[in-house]
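Quick note: to get my numbering, add 60 to the position in the sequence shown (first position is 1).
For every residue, glycine included, the Cβ atom is placed at its ideal position computed from N, Cα and C.
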Amino acid sequence: MTTEMTPGVIWTGVVDWSVRMFHSYAVPDGVTYNSYLIKDEHLTLVDTVKNHFEAEFIHKLQQITDIKKIEYLISLHAEPDHAGCVASIYNLNPNVTIVCSVPAKEILILYNPGLAKAKFMTVTNDSVLKIGKNELKFRMTQMQHWPESMGCYMGDILFSSDFFGQHLASTERYVDDFDIFRVIMRMEDYVANIMNPFRANVAKTVAFYQSLPINFIFPAHGLCFKHENCKVALEVYQKFVDQTIKVKKIVILFSSMYGSTAKVSQIIAQGVLSAGYEPVLLNADTVEKAEISYQLFKSKAVLIGSATLNNQMMPNIDGAINYAGTLRIINGLKFGVYGGAGWSNTGVEQIVGRMNEFGAENVGTCSWILAADEQVMQQAFELGRKVALSVE
Numbered sequence: 061m062t063t064e065m066t067p068g069v070i071w072t073g074v075v076d077w078s079v080r081m082f083h084s085y086a087v088p089d090g091v092t093y094n095s096y097l098i099k100d101e102h103l104t105l106v107d108t109v110k111n112h113f114e115a116e117f118i119h120k121l122q123q124i125t126d127i128k129k130i131e132y133l134i135s136l137h138a139e140p141d142h143a144g145c146v147a148s149i150y151n152l153n154p155n156v157t158i159v160c161s162v163p164a165k166e167i168l169i170l171y172n173p174g175l176a177k178a179k180f181m182t183v184t185n186d187s188v189l190k191i192g193k194n195e196l197k198f199r200m201t202q203m204q205h206w207p208e209s210m211g212c213y214m215g216d217i218l219f220s221s222d223f224f225g226q227h228l229a230s231t232e233r234y235v236d237d238f239d240i241f242r243v244i245m246r247m248e249d250y251v252a253n254i255m256n257p258f259r260a261n262v263a264k265t266v267a268f269y270q271s272l273p274i275n276f277i278f279p280a281h282g283l284c285f286k287h288e289n290c291k292v293a294l295e296v297y298q299k300f301v302d303q304t305i306k307v308k309k310i311v312i313l314f315s316s317m318y319g320s321t322a323k324v325s326q327i328i329a330q331g332v333l334s335a336g337y338e339p340v341l342l343n344a345d346t347v348e349k350a351e352i353s354y355q356l357f358k359s360k361a362v363l364i365g366s367a368t369l370n371n372q373m374m375p376n377i378d379g380a381i382n383y384a385g386t387l388r389i390i391n392g393l394k395f396g397v398y399g400g401a402g403w404s405n406t407g408v409e410q411i412v413g414r415m416n417e418f419g420a421e422n423v424g425t426c427s428w429i430l431a432a433d434e435q436v437m438q439q440a441f442e443l444g445r446k447v448a449l450s451v452e
């Protein structure tokens, strides 16, 4: 069903309850694809949904309007989870004008060649679209996720696209009716796994949005914000761009073969605790890479433990480092490395090298052959403490 978000703005999105992986990014709480219909003199649709949900989406729109009466279709982002039904709307209403950025037009046509014949209106930061009593203004947000993205605002309403989004499947539409702490966590998780590489660009947009008289934020994914809760969303992003989002925690990421490295991880944690930091132990063999990256995003340092397999670090450690590293989450982190081996402890050396490549700073290592004895346990405790103290 649809939901009236505020007088004249109706939510026409869909909820994907079953999805658990979103382009290799784990989404344990599902996903919402948000779309909004603005009722004014010129009927305007802001974004569509993933084409897997085309039938549901079209049915919802038909329940509240004649699709042929939609005059403007604003495509804030050409990625298929936002624009998957742009062609569907055009096929039902060839007179609709598709409003998007210049690069978005090219991408939309590449995805849907039939749109080459459609009417397009390309916009920039200076553009204004009058739809009756209301007018829409635009903000380009290129390379803060994709190269063609933008947001738009109408009075005190911000249609923010991926900004302030969270991957959450919910029957509720506003944060007021949901667990706000879970929303904040999923918003931080979204930033860590999607926007972190673009922090410098994001900062400019956050500063601009802070200057607007925003009373409603309608993102492309997840719950929406109104009134005082808009400040909550803006604060999360401000902490991200200010790099003050980290808390007094240290991640201990490990992968073990016969249990030696796992046991030492517990001692590492005691060393971290002794320095006044909370350890977050993550088994790379059971925890999704997206969750690992989120925890690293919030952490002030990391200790990585790995057995050596075929003269290599453990595969899931390798994958986790590469995933977080390409997101630039590892850059600037203090780290320590530990691990056991049967005869050649090259895994520890490889981790140090890989972490250095991603811009992290090595504090120390601890390694052993086969079982870890009491001396190794003491070294591990000291390594955990040393890494924790290094971030003071």
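Assuming residue i contacts residue j under a Cβ cut-off of 8 Å, what Cβ separation, rounded to an integer in Å, is found between them?
i: residue 208; j: residue 263; result: The Cβ separation is near 20 Å, so there is no contact.
i: residue 85; j: residue 253; result: 5 Å
i: residue 219; j: residue 136; result: 7 Å
i: residue 397; j: residue 412; result: 5 Å
i: residue 309; j: residue 349; result: Wrong, their Cβ atoms sit about 18 Å apart, outside the cutoff.
i: residue 259; j: residue 301; result: 6 Å
i: residue 393; j: residue 344; result: With a Cβ gap of about 16 Å, residue 393 and residue 344 do not count as contacting.
i: residue 365; j: residue 402; result: Contact flag wrong, Cβ pair sits at about 16 Å.
i: residue 175; j: residue 169; result: 5 Å
i: residue 179; j: residue 157; result: 5 Å
Going by Cα to Cα distance, which pick from the options is closest to residue i?
i: residue 448; options: 150, 388, 328, 250; result: 328
i: residue 356; options: 284, 427, 303; result: 303
i: residue 75; options: 181, 116, 97, 103; result: 116
i: residue 161; options: 71, 210, 66, 228; result: 210
i: residue 172; options: 214, 194, 199, 143; result: 143
i: residue 457; options: 367, 418, 225; result: This structure leaves residue 457 out entirely; the chain is present only between 61 and 452.
i: residue 204; options: 93, 388, 223; result: 223
i: residue 279; options: 213, 313, 305, 307; result: 213
i: residue 285; options: 108, 450, 194, 237; result: 237
i: residue 429; options: 446, 441, 408; result: 408
i: residue 31; options: 91, 90, 129, 229; result: Beyond the ends of the chain as shown, which are 61 and 452, falls residue 31; an answer cannot be given.
i: residue 69; options: 154, 94, 229, 81; result: 94
i: residue 7; options: 192, 91, 177, 196; result: Shown here, the chain extends from 61 to 452; a query on residue 7 therefore has no answer.
i: residue 215; options: 273, 368, 322; result: 273
i: residue 138; options: 153, 317, 159, 155; result: 159
i: residue 244; options: 256, 202, 291, 266; result: 291
i: residue 80; options: 351, 368, 361; result: 351
i: residue 270; options: 287, 294, 276; result: 294
i: residue 320; options: 88, 431, 119, 148; result: 431
i: residue 361; options: 402, 338, 249; result: 338
i: residue 395; options: 241, 426, 277; result: 426
Here's the rule I'm using: 16 or more other beta-carbon atoms within 10 Å means buried, otherwise exposed. How should residue i be labelled?
i: residue 186; result: exposed
i: residue 370; result: exposed
i: residue 380; result: buried
i: residue 126; result: exposed
i: residue 378; result: buried
i: residue 198; result: buried
i: residue 389; result: buried
i: residue 256; result: buried
i: residue 155; result: exposed
Please list the terminal residues of the continuous alpha helix (DSSP H) segment that includes residue i.
i: residue 302; result: 289-302
i: residue 116; result: 114-124
i: residue 151; result: 146-152
i: residue 396; result: That residue, residue 396, is in no alpha helix (DSSP H); its beta strand (DSSP E) goes 394-401.
i: residue 239; result: Careful: residue 239 lies outside any alpha helix (DSSP H) and carries neither H nor E.
i: residue 225; result: No alpha helix (DSSP H) contains residue 225, which DSSP labels as neither H nor E.
i: residue 346; result: Element bounds for residue 346: n/a, residue is neither H nor E.
i: residue 434; result: 434-450
i: residue 93; result: Premise fails: residue 93 lies in the beta strand (DSSP E), 91-93, not in any alpha helix (DSSP H).
i: residue 108; result: Counting along the chain, residue 108 falls outside any alpha helix (DSSP H), and DSSP gives it neither H nor E.
With H, G and I counted as helix, E and B as strand and the rest as coil, what does DSSP make of residue i?
i: residue 418; result: coil
i: residue 166; result: helix
i: residue 370; result: coil
i: residue 231; result: coil
i: residue 361; result: strand
i: residue 76; result: strand
i: residue 305; result: coil
i: residue 86; result: strand
i: residue 133; result: strand
i: residue 177; result: helix
i: residue 182; result: strand
i: residue 321; result: helix
i: residue 157; result: strand
i: residue 312; result: strand
i: residue 389; result: coil
i: residue 192; result: coil
Grab the span of the beta strand (DSSP E) containing residue i for me, first residue to last.
i: residue 98; result: 96-98
i: residue 337; result: Neither: residue 337 is in no beta strand (DSSP E) and is coded neither H nor E.
i: residue 62; result: No beta strand (DSSP E) contains residue 62, which DSSP labels as neither H nor E.
i: residue 211; result: 210-214
i: residue 377; result: First-last for residue 377: 375-386, but that is the alpha helix (DSSP H), not the beta strand (DSSP E).
i: residue 276; result: 276-279
i: residue 198; result: 195-200
i: residue 264; result: Element bounds for residue 264: not the beta strand (DSSP E) but the alpha helix (DSSP H), 259-270.
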